[in-house]
Amino acid sequence: MLSLTSVIHYYTNGPAISLPDIRLERGEQLLVLGPSGSGKTTLLHILAGILKPTYGEYVLDGNVVNTLTQAQLDALRGQQIGMVFQRPHLIDVLSVEENLILANYMAGNDQVIQRAKELLDRLEILDKRRARVSELSEGQKQRVSIARALMNEPMLLLADEPTSALDDKRADIVTELLISLTKEQKSALLITTHDQRIRSRITNVVELNGLANTAASLTQEQKETEK
Ligand code: ADP
Ligand code: MG
């Protein structure tokens with residue numbers, strides 16, 4: 014369903030990030046471990062179609078993502094990819110339910126209030142559905158952002174260090190929910206973290222080792238020639 018092959022990303026005025034090859038099927042989970050600066054967010058941005066890698070191929074559901082037009086990419090992302098950010102990116106002045114419905118709207122889908130309610134119920138924050146996001150705790154906001162990422166039933170759920178702002182108990186609950194909700198709808202789940210607490214939950218692990226790779230050792234001149 015997802016394959017990433019021979020991807021290297023060169024940031025202008027930044028490092029070269031060489032990423033491991035990744036294969037992931039629906040219903041599977043993958044944990045990407047690596048210290049800060051090792052390229053976890055870069056990887057997720059490539060998988061979300063936000064960042065186009067300098068080299069290599071990314072295929073999602075038969076689409077060669079790095080060759081799509083912007084409009085095709087936006088459609089694919091809206092329909093098929095859910096993203097949970099490190100810190101919740103919600104609209105503070107809207108209610109919890111409105112934030113979820115907005116995800117339908119942004120993807121051009123029908124608004125499914127029933128789906129919002131079901132997800133909030135599973136995440137044990139249904140009683141907060143009319144509350145403004147600004148009235149929630151960090152842990153509650155993170156659960157709302159998980160619900161929002163799942164609103165369009167994406168085939169791929171990407172979570173970027175989703176537990177880093179949570180205490181042990183909440184980190185555990187959030188990880189468990191990410192796994193069970195994605196398993197239920199047969200989505201692929203990819204979580205990045207430097208949090209060893211998640212490690213016991215997911216057996217399929219890829220480690221990013223920072224910049225100690227061949228790409229980083231290319232001289233500036235070689236990079237220019239290769240471009
Ligand atoms: P992580 O999420 O694992 O902390 P990132 O993917 O954010 O790592 O960053 C990997 C490396 O790329 C870091 O050295 C970071 O400074 C660099 N980097 C990230 N974004 C940019 C950018 N837009 N321009 C230049 N360098 C960047
Ligand atoms: Mg990061």
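Be aware that the sequence shown starts at 14, since it is given in our numbering, and climbs by one per residue. All C-beta atoms in this analysis are idealised placements derived from N, C-alpha and C, irrespective of residue type, glycine included. Only a predicted model underlies this, so the values are computations on that prediction, with no experimental measurement involved.
- If only complete runs of 4 or more residues are kept, the stretch 102 to 133 shows the alpha helix (DSSP H) at 109 to 119, in order along the chain.
- Here the stretch 145 to 154 makes contact with the stretch 105 to 115; the two share three or more CB pairs at distances below 8 Å.
- Taking a C-beta distance under 8 Å as the contact criterion, LEU191 and LEU202 qualify as a contact pair.
- Judged by DSSP secondary structure, GLN92 falls within the alpha helix (DSSP H) whose first and last residues are 83 to 93.
- Distance from the CA atom of GLY27 to the CA atom of TYR71, rounded to whole angstroms, is 22 Å.
- The Cβ-Cβ distance between THR206 and LEU37 does not fall below 8 Å.
- By the Cβ neighbour-count rule, HIS102 is exposed, with fewer than 16 other Cβ atoms within 10 Å of its own.
- Looking from the CA of ILE159, the closest CA among ASP185, LYS141, LEU194, ASP181 belongs to LEU194.
- The beta-bridge partner set that DSSP reports for GLU148 is empty.
- Around the beta carbon of VAL218, fewer than 16 other beta carbons lie within 10 angstroms, which makes this residue exposed.
- In chain order, the residues that have a beta carbon nearer than 5 Å to some heavy atom of ligand 1 are TYR24, GLY27, PRO28, SER49, GLY50, SER51, GLY52, LYS53, THR54, THR55.
- Less than 8 Å divides the Cβ of LEU170 from the Cβ of GLY95.
- Going by beta carbons, VAL97 and ASP173 fall inside the 8 Å limit.
- The shortest C-alpha to C-alpha distance from GLN127 to any of LEU15, LEU139, MET119 is the one to LEU139.
- Ranked by Cα distance from LYS182, the options MET168, ALA162, ILE211, LYS199 are led by ILE211.
- By the C-beta density criterion, GLY75 is exposed, having fewer than 16 other C-beta atoms within 10 angstroms.
- Beyond the five residues adjoining it in sequence on each side, THR188 comes within less than 7 Å, by CB distance, of THR176, ILE211, ARG214 in the same chain, given in chain order.
- Looking only at ARG39, THR82, ARG100, ASP123, the smallest Cα-Cα distance to ILE63 is reached by THR82.
- PRO48 is classed as exposed because its beta carbon has fewer than 16 other beta carbons within 10 Å across all chains shown.
- For the stretch 151 to 213, the full-length beta strand (DSSP E) segments reaching 3 residues or more read 169 to 173, 201 to 206 along the chain.
- Looking at the backbone, the Cα of LEU132 and that of GLU197 are separated by about 12 Å.
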